[in-house]
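Student: Right, I'll just put the structure down here and ask away after.
In UniProt numbering, the protein residues as written are 1 to 150.
See below:
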């Protein structure tokens with residue numbers, strides 16, 4: 001990625017409160033990022049396929065959404081034939097703490113699974129850390145097929 005490329009983070013989140021918290025958490029710490037919000041998982045694949053828009057450097061994906069939940073969205077992303085879609089970094093950012101959701105997310109191809117804390121200070125710290133991790137790694141997925149970074 002060139003330094004001048006627009007760095008879009010696609011946030012797939014149905015909760016108005018969580019969208020606002022994500023915006024507050026990242027807008028000051030990572031002003032270089034353009035946050036784009038989708039409230040519905042059904043819109044994700046079309047957005048990622050749109051070559052008229054910048055390709056997101058990562059997707060923050062909630063699991064628990066009406067309609068197409070995060071598991072379905074993640075499976076669709078990874079099964080897409082277009083590298084622009086299937087190779088995007090996906091960070092599951094959810095309030096679920098169950099090990100079965102964590103396991104299912106990684107099995108479906110999540111690059112990271114991050115618990116969404118209720119306390120805003122911790123929420124901000126955790127989210128900033130996840131974004132910083134991927135920024136430091138050049139927003140690139142591991143080369144090994146099937147490899148997932150946890």
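In this text, a Cβ means the ideal position worked out from N, Cα and C, and glycines have one as well.
Nothing here was measured: the structure is a model prediction, and the numbers come from that model.
1) Short of 6 Å in beta carbon distance, which residues of its chain neighbour residue 134, apart from the five on each side in sequence? Order them along the chain.
2) Please work out which residues of its chain come closer than 8 Å, Cβ to Cβ, to residue 79, disregarding the five sequence neighbours upstream and downstream, and give them in chain order.
3) In its own chain, which residues sit with a C-beta less than 7 Å from the C-beta of residue 3, not counting the 5 before and 5 after it?
4) Any chance you could list the beta strand (DSSP E) runs of at least 3 consecutive residues sitting entirely within the region 35 to 98, in chain order?
5) Which residue marks the beginning of the beta strand (DSSP E) containing residue 112, and which one marks its end?
6) Grab me the residues of residue 113's own chain with a C-beta within less than 6 Å of its C-beta, minus the 5 sequence neighbours each way, in chain order.
7) Measure the Cβ-Cβ separation of residue 38 and residue 9 and say whether it is below 8 Å.
8) Return helix, strand or coil for residue 118, following the three-state DSSP convention.
Tutor: Answer, in terms of the structure:
1) 58 and 89
2) Non-local C-beta neighbours of residue 79 in its own chain, meaning closer than 8 Å and more than five positions away in sequence, comprise 86, ordered along the chain.
3) Reliability of the predicted coordinates at residue 3 is poor, the pLDDT of 49 falling under 50, and the value obtained from them is presented with this limitation in mind. Once the five neighbours on either side are set aside, residue 3 has no close Cβ partner at all.
4) 58 to 61 and 90 to 94
5) 112 to 115
6) For residue 113, where only same-chain residues beyond five positions count, the Cβ hits under 6 Å are 92, 102 and 105.
7) At the C-beta level, residue 38 and residue 9 stay beyond 8 Å of one another.
8) coil
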